[in-house]
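Undergrad:
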Amino acid sequence: MEEGGVNVIDLTQADESFVKELEALGADELRECIQCGKCGATCPMALAGLEFFIKRIVHAANLGLRDILLEDSSVWGCQSCNRCVEICPMDVKPYELIQAIRRAAMKVESCPANTYEGLRNLYRFGHAVYPKGYEERRKKAGLPEKPPTAISYDELRKKYQEILRNTILEEIAPFPLD
Amino acid sequence: MDKTGKPACQICEKGIPPKGIQGCPADAIKFDDKDEYINLKVGAVIIATGFKPMSKHYFKEYSPHSPDVITSMEFERILSATGPTGGELKRPSDGTKPKTIAMVSCVGSRDERYHPYCSKVCCMYMLKHARILKEKYPDIKLYLFFIDVRTAGKDFEEFYVYTRELGVKVIKGGRVSSVDVKPNGKLRVRAFDSDLCAPVELDADMVVLATAIEPPDGVEELGSMFTATCGREGFLREVHTKLYPVETQARGVFIAGCVQGPKDIPESIAQARAAASATAALVIPGKIKFEAIISEVDRDKCSSCGVCVPLCPYTAIRIVEYKGKEKAYIEPALCAGCGVCASACPSKAIKFNGFTTEQIMAQIDALTEA
Amino acid sequence: MKKIGFFLGCNIPFNRPDVEYSARYLLNELGYEIVELEGATCCPAFGTMPSLDLVGWAAASAWNLTIAEEKGVDIVTGCGSCYGSLNEARHHMEKHPEVKEQVNKILSKVGKEYKGTVKVWNFINFLYEDVGLEKLKSKIKHNLNGLKCAVQTGCHNLWPSKAYPTNEDNTFFPTRLREICEAMGGVAPHYSTITDCCGMGALRSTASEKSLNLFKKKLDVIKEEIDPDITVMGCSSCLLQFDAGQALLVEQKKLNYKIPALHIVQLAAIAMGADPEKATVLASIPLNGVITKIKGGN
Ligand SMILES: Cc1cc2nc3c(=O)[nH]c(=O)nc-3n(C[C@H](O)[C@H](O)[C@H](O)COP(=O)(O)OP(=O)(O)OC[C@H]3O[C@@H](n4cnc5c(N)ncnc54)[C@H](O)[C@@H]3O)c2cc1C
Ligand code: SF4
Ligand code: SF4
Ligand code: SF4
Ligand code: SF4
Ligand code: SF4
Ligand code: SF4
């Protein structure tokens, strides 16, 4: 919503093709939602007070409010806790909708910067979380400087990278995959 | 005892001597009674075996292990003057009077995992419970959690508004998300409140779950004894929602009340009276009319193979003695004229009146000529 | 000797290697041979490949799963997200053979094949079922001596239950981690926010302050309802929130108490005689009182 703007959501901007896109991206039970609200007080996004949280997101998605959903960063705050999936009485699998919206957002490069950072780390090091100074921490715990993961095996890491290059990452990554 | 696998508590028989509670003082229960089979010959049957309220144990997110989380049916008993507490409001865990009660709608109804249908009566009885409580205990705090409040019907919306005026708090747009037990015995209820646009939480002393109205146990077997069938949700099926609401596909077998689907008492009674009238119309004249379009066995052609007997959906075919041999016989009062047997009979011994081979061939000829 | 593949993930080896140390100590004490999953990578984390598409996610997970399959071992992990991501990917491939087929097409480029034979454990279920509480008890050197524990199972260790090979009887009233703490001589009461999300993860990186406030709400309830000596985690991400996140709240003067936090493998390792210094070297909230209490037992 624009700063100082009028607080009305224009339903005519709704785009049915967005609903279909989301269904194709994994949210295939989306339309089953009856807005019962059960997910609305269990979703950490709702409890933490994010502008958009699962109940609202499902409704906005069903209305086809593409711009609102892609511009808002709330979907990136989803904890993937799956509690919504566990309790939804209509088996909407709300978390799969979050994933679908993220997938749609990635296609138009509408995601927070740290998403790319995680992907870059994943590709380069095999680890999305790759914090500085870990060698020191490992020594303190009496462990070898590097763990026996892909970070210690160049050949294996290259194979892993080849796998990633054969996925959708190849199309989406805004950084070179070499 | 048989159903739960646990021994019966026998309070009604022996009472609880240490607490000075006697068994049934009116001596109204015959404890040595035995099952009896009574054979009756009747012209019609009305099935009105009602419903079963769903158990709370399916709903793990609502702390079913807590004795203070109960179903509305149990709550109905607590409120009843003839119930276990003599109508006094007490919570099961410690017998204290709850100060705050949360009521939860649509538990197991409107729920694909259990029952997709709306149980129809719970919104109204939740309001009824709230009203009874509030009139009796004006200080009690009542929170009613609904998805939406369904009050369709004569005088119902007025009842709802009146209940609100009593100070009952209504939360909408929030099927309850969770009920958690606190170490001090309180129950923390969380739900979304669409009107506040926020999640809300509440510490309650007792939580009442409006669990779904389910088809009673064994209704399918019961129905099949009378060749009445169940619909997708397991309730007995009427022939036609609008035109034949109390008739089943078996002639002379009628249904009424919740065994046909969730409904309240006025509707159950209206159906019961309709079923009674339909029964009377069938039985009182002393004779019944058959449909013309039914099947008949030419017993001289019948080879007694028995193929047709299990095929008939209306159990109209029996094997009876004819000229010293076992032959198929179709009971005209039961045959619904579906034609299944006629097309299956390998000896072409069954004539389907109105659709005989000659008649069908003549129709085909007429059509192909034109 | 029973073998088990130890899946490290990212947070444990890089942020909290003291948890890795403890897990290794624990598995050794319990008589398992640790099989290193050489070349293993990130599970992958939910904000990465799973947010791009299903096949990419499944392929990245399958890389890890096949390492264990090739070595003929099951996997145990101390991170809830790893447990979730690997099991969900496994579940998707089992449910959708076409996804598995596409994944195997990708894997074949590096000469691998995912069969679907590997089981992925978290430490809670592993200790509860594969080890068993009796055996766990028998290996205890320092009884927890009535240490009061508030347990944090962690969302990913519970849901989506359909993706998990084993789980709590009631995932909204988890008891396994409580039982594990009690088997070691601790006291682990239920508290009403036991299944509340701690706020670590995507929420923390997207809305840090809101995430910490959510965590504070949970911690306040823990303090008020059971006032424990320690909080015990089933998940390494939760540990980051309960330990470093809590320290941050203290630093920001939003919290005026401190409750030490350990991963269950750290607590169990100490109870089985691990050097507490090494096992908890990276903890931000001081543990002194807790160690003394444990050492006071026998
Ligand atoms: C908590 C609660 C509160 C309610 N409050 C209200 C209210 O305030 N007002 C209202 O209008 N409606 C209310 N209802 C709905 C009401 O209970 C039903 O509409 C009504 O009971 C339906 O009547 P019925 O005769 O069809 O079934 P039931 O009342 O269930 O009666 C069926 C009877 O058949 C017997 N039976 C079952 N199987 C057999 C068998 N094989 N052989 C012989 N007998 C058998 C049963 O024992 C039972 O006595 C409430 C429902 C619930 C759950
Ligand atoms: S719980 Fe399911 S049906 Fe209810 S509002 Fe959420 S997504 Fe919709
Ligand atoms: S998985 Fe995401 S959307 Fe679902 S309850 Fe958890 S945080 Fe909310
Ligand atoms: S009657 Fe009301 S409480 Fe009952 S299922 Fe329908 S909407 Fe829910
Ligand atoms: S009056 Fe009609 S539209 Fe309004 S709530 Fe009742 S049934 Fe629905
Ligand atoms: S199928 Fe035909 S031949 Fe066989 S028993 Fe029936 S009527 Fe007789
Ligand atoms: S026509 Fe149909 S109803 Fe009549 S006897 Fe044959 S199978 Fe039964």
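So the protein sequences, as listed, match chains A, B and C. Just so we're aligned, residue 1 is where the first sequence starts under the numbering used here, counting upward by one. Just so we're aligned, residue 1001 is where the second sequence starts under the numbering used here, counting upward by one. Just so we're aligned, residue 2001 is where the third sequence starts under the numbering used here, counting upward by one. Each residue gets a CB set at the ideal place from its N, CA and C atoms; glycine is no exception.
For N2064(C), count the other beta carbons within 10 Å of its own beta carbon; 16 or more makes it buried, fewer makes it exposed. Which is it?
TA: The residue is buried, with at least 16 neighbouring Cβ atoms inside 10 Å.
Undergrad: Tell me whether E1326(B) sits in a helix, a strand or coil according to DSSP, three-state version.
TA: E1326(B) falls in the strand class under three-state DSSP.
Undergrad: Using the Cα positions of L2127(C) and V2187(C), report the straight-line distance between them to the nearest angstrom.
TA: In a straight line, the C-alpha of L2127(C) is about 17 Å away from that of V2187(C).
Undergrad: Name the residues in the stretch 136 to 152 of chain A whose C-beta lies less than 7 Å from a C-beta of chain C; which are they?
TA: So the list reads R137, R138, K140, A141, G142, L143, P147, P148, T149 and A150, given in the order they occur along the chain.
Undergrad: Beta-carbon within less than 6 Å of S2211(C)'s beta-carbon, same chain only, minus the 5 sequence neighbours each way: which residues are those?
TA: For S2211(C), where only same-chain residues beyond five positions count, the Cβ hits under 6 Å are G2199, L2203 and R2204.
Undergrad: Just checking R1150(B) against ligand 4 - is the residue's beta carbon closer than 6 Å to any of the ligand's heavy atoms?
TA: R1150(B): yes, Cβ under 6 Å from ligand 4.
Undergrad: Hey, how far is the Cα of V2110(C) from the Cα of L119(A)?
TA: Computed Cα separation, rounded: 21 Å.
Undergrad: So A2089(C) packs on W2121(C), CB below 8 Å; how close in whole Å?
TA: About 15 Å separates the two Cβ atoms, so there is no contact after all.
Undergrad: Among the residues of its own chain, which have a CB less than 7 Å from the CB of G1174(B), if the five just before and after it don't count?
TA: The residues are F1145, A1191, F1192, D1193 and S1194.
Undergrad: Under DSSP, the beta strand (DSSP E) around Y1143(B) begins and ends at which residues?
TA: Run containing Y1143(B): K1141 to F1145, per the beta strand (DSSP E) assignment.
Undergrad: Does P94(A) have its Cβ less than 7 Å from a Cβ in chain B?
TA: No, P94(A) lies away from the interface with chain B (no Cβ there is under 7 Å from its Cβ).
Undergrad: With C-beta atoms as the reference, is N2157(C) less than 7 Å away from G2234(C)?
TA: Their beta carbons are under 7 Å apart, which means N2157(C) touches G2234(C) by this criterion.
Undergrad: So, with DSSP's three-state summary, where would you put M1(A)?
TA: Because M1(A) sits at a pLDDT of 47, beneath the cut-off of 50, its placement in the model cannot be relied upon, and the following sentence gives the value as read from the coordinates. DSSP places M1(A) in coil when its eight states are reduced to three.
Undergrad: Could you check if S1224(B) is buried or exposed, using at least 16 other CB atoms within 10 Å of its CB as the buried criterion?
TA: When all chains shown are included, S1224(B) counts as exposed.
Undergrad: Could you spell out the range, first to last residue, of the beta strand (DSSP E) harbouring C1012(B)?
TA: Per DSSP, C1012(B) belongs to no beta strand (DSSP E); it is in the alpha helix (DSSP H), I1011 to K1014.
Undergrad: Cα-Cα, which of G1337(B), D1300(B) and E1247(B) is closest to Y1322(B)?
TA: The option with the nearest alpha carbon to Y1322(B) is D1300(B).
Undergrad: According to DSSP, simplified to helix, strand and coil, what is F1192(B)?
TA: If DSSP states are grouped into helix, strand and coil, F1192(B) belongs with the strands.
Undergrad: Counting along the chain, where does the alpha helix (DSSP H) carrying N2122(C) start and finish?
TA: Segment V2120 to N2122 is the beta strand (DSSP E) holding N2122(C); no alpha helix (DSSP H) there.
Undergrad: Determine, for P2174(C), whether the minimum Cβ-Cβ distance to residues of chain A falls below 7 Å.
TA: Judged by the 7 Å Cβ criterion, P2174(C) is not in contact with chain A.
Undergrad: Would you identify the three-state DSSP class for T2041(C), choosing helix, strand or coil?
TA: Three-state DSSP puts T2041(C) in coil, outside helix and strand.
Undergrad: Are any of the Cβ atoms in chain F nearer than 7 Å to that of N2157(C)?
TA: Note that chain F does not occur in the displayed structure, where the protein chains are A, B and C.
Undergrad: For M1225(B), is the beta carbon positioned less than 6 Å from some heavy atom of ligand 1?
TA: No; taking the cut-off as 6 Å, the Cβ of M1225(B) has no heavy atom of ligand 1 nearer than that.
Undergrad: Considering Y160(A), what are the terminal residues of the alpha helix (DSSP H) in which it resides?
TA: Here the alpha helix (DSSP H) through Y160(A) covers D154 to R165.
Undergrad: Could you tell me how far apart the beta carbons of K2112(C) and T2066(C) are, in whole angstroms, since I believe they sit closer than 8 Å?
TA: Yes, they are in contact, since the Cβ atoms of K2112(C) and T2066(C) sit about 5 Å apart, within 8 Å.
Undergrad: Is the closest heavy atom of ligand 2 to the C-beta of C33(A) under 6 Å?
TA: Yes - ligand 2 has a heavy atom lying nearer than 6 Å to the Cβ of C33(A).
Undergrad: Starting from the N-terminal side, write out each stretch of the alpha helix (DSSP H) that is 4 residues or longer and does not extend beyond the stretch 2218 to 2250 of chain C.
TA: Counting whole runs of 4 or more residues, the stretch 2218 to 2250 of chain C contains the alpha helix (DSSP H) stretches 2236 to 2240.
Undergrad: What whole-angstrom Cβ distance do V1340(B) and L1311(B) have, given they're in contact under 8 Å?
TA: With 8 Å as the limit, V1340(B) and L1311(B) qualify as a contact, their Cβ atoms being about 5 Å apart.
Undergrad: Does any residue of chain B bring its CB to less than 7 Å from the CB of N2167(C)?
TA: No, its Cβ sits nowhere closer than 7 Å to a Cβ of chain B.
Undergrad: Which full runs of the alpha helix (DSSP H) of 4+ residues lie inside the stretch 1098 to 1166 of chain B, going along the chain?
TA: Counting only runs of 4 or more, we get 1122 to 1136 and 1156 to 1165.
Undergrad: Name the residues in the stretch 81 to 110 of chain A whose C-beta lies less than 7 Å from a C-beta of chain B; which are they?
TA: Correct list: I87, P89, M90 and D91.
Undergrad: Should P94(A) and I34(A) be called a contact, given that it needs their Cβ atoms to be closer than 7 Å?
TA: No, Cβ-Cβ distance for P94(A) and I34(A) is not below 7 Å.
Undergrad: Nearest by alpha-carbon distance to V1179(B): which of A2183(C), F2172(C) and V2290(C) is it?
TA: The option with the nearest alpha carbon to V1179(B) is F2172(C).
Undergrad: Please confirm if L2026(C) has its CB atom under 7 Å from at least one CB of chain A.
TA: For L2026(C), the answer is no, since every Cβ of chain A falls outside 7 Å of its Cβ.
Undergrad: Could you give the DSSP three-state label for E16(A): helix, strand or coil?
TA: E16(A): helix per DSSP, three-state reduction.
Undergrad: Among the residues of its own chain, which have a CB less than 6 Å from the CB of A1316(B), if the five just before and after it don't count?
TA: The answer, listed in chain order, is I1330, E1331, L1334 and C1335.
Undergrad: Taking its Cβ as the centre, do 16 or more other Cβ atoms sit within 10 Å of I1047(B), making it buried, or is it exposed?
TA: So I1047(B) counts as buried.
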